[in-house]
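The structure appears right after this line, and notes come after that.
Protein chains: 2
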Amino acid sequence: MSKNDDDLQPWRTIASTTVLKDRWIDLRADTCVTAAGATIAPYYLLQPSDWVHVLAIDEADRAIMVRLYRHGLGDFSLELPGGAQDAADDSPEVAARRELLEETGYVCGPMVHACSLSPNTASHTNRVHFLVARGARVSQLPVREAGETMQTELVPVTALRGLATGGAIMSALHVAGILVALDKLRAGSPGSTAGTQL
Amino acid sequence: MSKNDDDLQPWRTIASTTVLKDRWIDLRADTCVTAAGATIAPYYLLQPSDWVHVLAIDEADRAIMVRLYRHGLGDFSLELPGGAQDAADDSPEVAARRELLEETGYVCGPMVHACSLSPNTASHTNRVHFLVARGARVSQLPVREAGETMQTELVPVTALRGLATGGAIMSALHVAGILVALDKLRAGSPGSTAGTQL
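For the record, the sequence lines run as chains A and B.
Just so you know, the first sequence maps onto residues 49 to 246 in the working numbering.
Just so you know, the second sequence maps onto residues 49 to 246 in the working numbering.
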């Protein structure tokens, strides 16, 4: 084993401090030591709860999406409905159904897991889960929070890949989730020999 | 115009405070007001410099990737080489060439822009740029920093889509960048009538 291989071990965390914690942020600073003996400090980590988003498709093959103001982007952003998985949400699916209903007023059929990714492997300890469902239909009026400046948009599923690869969808998280979900949809479409039927 | 449409305006920022700023983090808290008159505070924003990553492909159609320890994930992560665009980097391409060389010891041919996305439209003000290049070849030994616990991996380009959609690549940013870059590669491949020749 070369010296390089010897060094290829996870860091050890030897100290951990909460820097800032309130309803909106949970920021921690670690002191880490690499296998080569280097001390890395402070190493900041954000530890929100998991996030969930759903590609919900109606009977006319349209994705139920939201266009919402995003203050990081400083502009409106076309994204899949979703949000944080609350403590009361037993699973990503429960959270996704709640968020879909609150943000758009839609319900949908059975959900299939598309992927669970790290929003940022360097800085975030949580995961973002993407689900896919068909049978989306309006059930009620949206119930949006004060900070949710958004409207519902119905986007033909056939247009989604182009929107995700062509710059119309700016969120890297949603580009990832949508492109993976489209792969799952294609694998599960009638006539395919592989994948989950959706 | 309905009340809902009236409310669909960007937030106004009426105050902005630096919460924490050092070499590793730049965290700001804004006080915002929505068109409907709701006050949103504190709204935390992270404002790192832009990030760049490159899908560099060698003559044997292998992507030059890195497997590196990522403390947010708490594990090793398979990603494209890259990092922050420094003040001295005149463009994302300059930064990508520098990072590719430092992290892997590789150089490459002309770079083509794949996409520029928001790493997180809610919390991050910066962009992550993905570039694609062929003609990657070893030029020198890597010059890695103390906090870069990584090794180079050569991944057949034909395997990349499966790795990105199947959970072997955990970073949502890299899943997005890789899947968009593969679309650009396919569009630019010999025999195609569209896209950039790569």
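All residues carry an ideal CB built from backbone N, CA and C; glycine is no exception.
Runs of beta strand (DSSP E) with 3 or more residues, each lying fully within the stretch 134 to 200 of chain A, are found at 159 to 165, 176 to 186, listed in chain order. B:E196 has its alpha-carbon roughly 12 Å from the corresponding atom of B:E147. As DSSP reads the structure, A:W72 sits in no beta bridge.
Legend: CB atoms of the stretch 91 to 109 of chain A lying less than 7 Å from CB atoms of chain B belong to residues Y91, Y92, L93. Taking all protein chains shown into account, A:I105 has 16 or more neighbouring C-beta atoms within 10 Å of its C-beta and is therefore buried.
Chain-order list of chain A residues neighbouring B:T206: empty, with the shortest C-beta distance near 15 Å, by a criterion of under 8 Å. A Cβ-Cβ contact shorter than 9 Å links A:A220 with B:G225.
Below 8 Å, too few C-beta pairs join the stretch 86 to 93 of chain B and the stretch 108 to 116 of chain B to call them touching: fewer than three.
In the DSSP assignment, A:M218 forms no beta bridge with any residue. When DSSP states are grouped into helix, strand and coil, A:A108 belongs to the coil group. Under the three-state reduction of DSSP, A:G130 is assigned to strand.
Sequence-ordered contacts of the stretch 108 to 135 of chain B with chain A read R115, L116, Y117, R118, H119, G120, L121, G122, D123, F124, S125, E127 [C-beta pairs closer than 9 Å]. Among the bridge pairs identified by DSSP, A:S64 is matched with A:D78. In this structure, the beta-carbon distance from A:T200 to A:G130 does not fall below 9 Å.
Counting C-beta atoms within 10 angstroms of its own C-beta, B:L227 has 16 or more neighbours from the protein chains shown and is therefore classed as buried. Chain B has a Cβ within less than 9 Å of the Cβ of A:A212. Distance between A:L230 and A:F178, taken at the CA atoms: about 11 Å. A:M198 has its alpha-carbon roughly 8 Å from the corresponding atom of A:R192. For the stretch 161 to 195 of chain B, residues whose beta-carbon sits nearer than 8 Å to a beta-carbon of chain A comprise C163, S164, L165, S166, P167, N168, T169, A170, S171, H172, T173, V176, A194, G195. Taken through DSSP and simplified to helix, strand or coil, A:D98 comes out as coil.
A distance below 9 Å separates the beta carbons of B:A144 and B:V100.
One finds L165, S166, T169 in chain A with Cβ atoms closer than 8 Å to the Cβ of B:M218, taken in chain order. When secondary structure is reduced to three states using DSSP, B:A89 falls in the strand class. Annotation: the continuous alpha helix (DSSP H) that includes A:G210 extends over 205 to 213. Contacts between B:I88 and chain A, judged by CB atoms closer than 9 Å, involve H119, A194, G195 in chain order.
The beta carbon of A:K69 sits closer than 8 Å to the beta carbons of L75 from its chain, once the five residues preceding and following it are set aside; these are given in chain order. When only Cα atoms are considered, B:T82 and B:I62 end up about 11 Å apart.
Contact check for A:L103 against A:V114 fails: the beta carbons are separated by 9 Å or more.
The three-state reading of DSSP puts A:L121 in coil, since its state is none of H, G, I, E or B.
By DSSP's assignment, B:R234 forms no beta bridge with any residue. Spanning the alpha carbons of B:Q95 and B:S166 requires a straight line of approximately 11 Å. For a cut-off of 8 Å, the C-beta gap from A:V160 to A:K232 is around 7 Å, short enough to register as a contact. Contact with chain B is absent for A:L233, since none of that chain's Cβ atoms lies less than 9 Å from the residue's Cβ.
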